[in-house]
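Scroll down for the structure; my scribbles are underneath it.
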Ligand SMILES: NC(=O)c1ccc[n+]([C@@H]2O[C@H](COP(=O)([O-])OP(=O)(O)OC[C@H]3O[C@@H](n4cnc5c(N)ncnc54)[C@H](O)[C@@H]3O)[C@@H](O)[C@H]2O)c1
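In our numbering, the protein residues as written are 1 to 334.
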């Protein structure tokens, strides 16, 4: 992966902090930054949902510094931000159902931890703060495709936390002059996404089921649509947001997706075809807090960040399936 760089300037003078670096998206950002010679890549993670194994892959790399800590801990955030030029903030508790089960914990980490990180970044003189926002912020707005400034009411505690992040980011940019960019991810998938646990995302769950020759369960009728986005596109967006110099591009939020709409049934059919399986899916009840349809307008990120997704859903699913097949022992490690 990452055989083509998304940047033209060298990274060897820039220090990066990746919060949530042991997670799915964070560890892919670490992979890219180390591959292209970043001066320093520090990770900051409490391993609540991420894995040491994801960072062990890069053990011994001279630019990697692994820090264990919690984004709710002010002193730990301050230490993590010391000497850092760019923060790529990924640490959070993902999952709509988790937030419905435990809204207090999701709020503590996703809002309390976010404000701690913004404060630490501001106090440490960090140049750029890029953070993981979410398409869940569109909530009940019926419009398709989704355009950044047309949002509805959040449909879950998780969505509230991600919208609160955007409000805090805007206030910190205006009040303290911190350069901040929010990336509203739309269903990111790819290698190292965890298929385990109660709150796994749909694509790793389906792949895992197929590889075990078991029919996966689709929530609802499977007609819900998503703008499934391969991880390489998400990494591209982060790198562009970290390095963009146009002042108009800063202190903004962007949709990060592909601009394609695929139903769960269509996505499963691609996986089934690629895996050579005839297994029909099972259908379960609808999930609370989920939106029915999602599709992004990605023109703002294209215009201001130069973001241009390279990998569409079929190729992304092929690469992800191949990775899951080749890494069964790695995936089984908890
Ligand atoms: N994967 C997606 O489709 C998607 C979509 C929209 C937004 N996002 C956001 O992107 C970010 C990364 O998501 P991901 O899919 O890589 O999830 P992930 O669970 O794999 O990674 C999150 C990481 O944050 C760490 N973390 C959690 N709480 C922490 C705390 N209190 N202190 C320090 N570290 C903590 C976890 O241990 C984990 O390593 C999250 O902010 C998520 O909300 C993801």
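We treat Cβ as the ideally placed atom computed from N, Cα and C, and that holds for glycine.
In this structure residue 111 is buried. Its beta-carbon is surrounded by 16 or more other beta-carbon atoms within 10 angstroms. Relative to the non-hydrogen atoms of ligand 1, the Cβ of residue 167 never comes closer than 7 Å to any of them. In this structure, residue 230 lies near residue 190, with their beta-carbon atoms less than 8 Å apart. Put simply, of 328, 172, 302 the residue whose alpha carbon is nearest the alpha carbon of residue 193 is 328. Checking the 7 Å criterion, the Cβ of residue 19 is within range of a heavy atom belonging to ligand 1. With a cutoff of 8 Å on beta-carbon distance, residue 150 and residue 253 are scored as not near each other.
Nearest to residue 163 by C-alpha distance, out of 270, 293, 107, 57, is 107. Shown here for residue 28: same chain residues with a beta carbon closer than 6 Å to its own, the five before and five after excluded, namely 231, 235 in chain order. Closer than 7 Å to some heavy atom of ligand 1: that describes the Cβ of residue 24. Counting along the chain, residue 185 sits inside the beta strand (DSSP E) bounded by residues 179 to 185. Residue 7 is not bridged by DSSP to any residue. The residues 189, 190, 191, 203, 207, in chain order, have a CB closer than 7 Å to that of residue 320 in the same chain once the five nearest residues on each side in sequence are set aside. Taking C-beta atoms under 8 Å as the contact rule, residue 153 and residue 139 qualify, at a distance of about 5 Å.
Going by DSSP, residue 232 is part of the alpha helix (DSSP H) stretching over 231 to 243. Taking C-beta atoms as the reference points, residue 22 and residue 52 count as a pair closer than 8 Å.
Close CB contacts of residue 268 within its chain, under the 8 Å cut and outside five residues either way in sequence, are with 206, 216, 218, 222, 281 (chain order). Contact check between the region 30 to 37 and the region 69 to 82: fewer than three CB pairs, one atom from each, fall below 8 Å, which does not count as touching. Taking the Cβ of residue 312 as the reference point, every heavy atom of ligand 1 lies at 7 Å or farther away.
With fewer than 16 neighbouring CB atoms inside 10 Å of its own CB, residue 310 falls in the exposed class. The Cβ atoms of residue 169 and residue 177 lie no closer than 8 Å to each other.
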